[in-house]
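These notes are about the structure you will find just below.
Number of protein chains: 2
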Amino acid sequence: MAGDPVEVFDKAFELVARLGEAMRQALAERGLTASRAEVIYVLARDGALVQRELAQALGCTPRHVTGLVDTLQHGGLVERRPHPTDRRAISVALTERGADTARWMTDSRRQSARAILGDLPDADLAAFVRVADRILNEVVPATENPA
Amino acid sequence: MAGDPVEVFDKAFELVARLGEAMRQALAERGLTASRAEVIYVLARDGALVQRELAQALGCTPRHVTGLVDTLQHGGLVERRPHPTDRRAISVALTERGADTARWMTDSRRQSARAILGDLPDADLAAFVRVADRILNEVVPATENPA
DNA sequence: ATCAATAATGAAGTGACTTCACTATGTACT
DNA sequence: AGTACATAGTGAAGTCACTTCATTATTGAT
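Heads up: the protein sequence lines correspond to chains D and F, in order.
Letter by letter, the first sequence follows residues 956 to 1102 of the numbering used here.
Letter by letter, the second sequence follows residues 956 to 1102 of the numbering used here.
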């Protein structure tokens, strides 16, 4: 049977539900939650940030960042430092352990990707990306970060 | 650029994050949350259920179902009835409004699917489903409901 | 008649997140 | 300098998803 748009949509939602759940579970085994993992991801990508910037990057309130960073700091993944020029602000950076965790996230994602999809034809993978992009562009608001 | 497994994985996760968010938002406009919507979906699919069965279908605790049904009942989407043969149990069924909501969910999903993906080549859609199935089968635990 | 399994619910707790009020600073304007 | 407003972070309190641990009705099976 060829491709039915509705079937594709259903698969996409199934992905949302089940892949999301699998991710949550994998993170939980490392003592992380999706939100906390995202903090780590962003800090690894952008370097040390002030909490307000972190809130923007995560799309949540600054207040919530306070709590997230509290927990992460308590777990030794992140550290707070006084901002060099602005005494109101607090700079948040990954610790060694935090950086290790970030590497683990990237590596295991890459490994899984290759193990699971490595033998599929390039054409299929490219088509998946095309369809996914279409859905993403049409359906989704996207945390705006334009020009 | 052809298909890179890692890029595909990343897209899949982006779908998880952004499509999930879009769904939550669409539901919120109708006063629903993902969990409550799932109750409606399951009841529409399986007919009236006892709360314990509902809990199994949703993969959550019976205790949580109590609360979900409370809210839905209060909103007039669902009704509780004494179970005909087992006086411990409570049967939960959709009301007219609940059934309408279920129809809305199905219809809008179908409409969006056609509007967004209708013009893509069948081959792409079929490839998407193949790749998604691969991910689903390999990565995911799946709420077991086998033979 | 009795006793263990079962259906639902109260009580209390966790994690994600919010809004609102408040403190400490930074900035700008006179 | 002096006043006034904006900004960074946090305490307090609340919502929603979801849990575990009693406790109360029943049921079913001996």
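Backbone N, C-alpha and C fix where the C-beta goes; we use that ideal spot for every residue, glycine too.
On a predicted model such as this, the values are computed, not experimentally measured, just so you know.
Alanine 989 of chain F and threonine 1040 of chain D have their alpha carbons spaced roughly 44 Å apart. Identification of chain F residues near serine 1063 of chain D by a Cβ-Cβ cut-off of 8 Å yields none; the smallest Cβ-Cβ distance measures about 11 Å. Annotation: Cβ neighbours of valine 1084 of chain F in chain D (cutoff 7 Å, chain order): Gly958, Glu962, Val963 and Lys966.
Put simply, the backbone Cα of alanine 972 of chain F is about 7 Å away from that of valine 971 of chain D. For valine 1047 of chain F, the enclosing beta strand (DSSP E) starts and ends at 1045 to 1049.
Residues Ile995 and Ala999 of the same chain have their beta carbon placed closer than 6 Å to that of alanine 1057 of chain D, with the five preceding and five following residues left out of the count. Taking every protein chain shown into account, the CB of alanine 1068 of chain D has 16 or more other CB atoms within 10 angstroms, so this residue is buried. For aspartate 1025 of chain D, the nearest beta carbon of chain F is not closer than 8 Å to its own beta carbon. In the three-state scheme derived from DSSP, where H, G and I count as helix and E and B as strand, arginine 1036 of chain F is classed as strand.
Nearest in C-alpha terms to valine 1094 of chain D, of all of F:Asp1062, F:Leu987, F:Ala967 and F:Met978, is F:Met978.
Tryptophan 1059 of chain D and alanine 1012 of chain F have their C-alpha atoms roughly 34 Å apart. For the 8 Å CB-CB criterion, arginine 1035 of chain D and valine 1047 of chain D form a contact. Within the model, the alpha-carbon separation for isoleucine 1071 of chain F versus valine 1033 of chain D is close to 42 Å. Each residue's CA atom was taken as its position, placing phenylalanine 968 of chain D and aspartate 959 of chain F some 22 Å apart. DSSP, reduced to helix, strand and coil, places valine 1095 of chain D outside both helices and strands of the structure shown, so it counts as coil.
Here DSSP, grouped into helix, strand and coil, assigns leucine 1004 of chain F to strand.
Burial check for glutamate 1051 of chain F: the Cβ neighbour count within 10 Å stays below 16, so the residue is exposed.
DSSP places glycine 1022 of chain F inside the alpha helix (DSSP H), whose first and last residues are 1017 to 1029. Boundaries cannot be given for aspartate 1074 of chain D, as no alpha helix (DSSP H) includes it and DSSP labels it neither H nor E.
The Cβ atoms of valine 963 of chain D and valine 1084 of chain F sit closer than 8 Å to each other. Annotation: glycine 958 of chain F is outside any alpha helix (DSSP H) and is labelled neither H nor E by DSSP. Between isoleucine 1045 of chain D and valine 1005 of chain D the beta-carbon gap is near 7 Å, inside 8 Å, which marks them as a contact.
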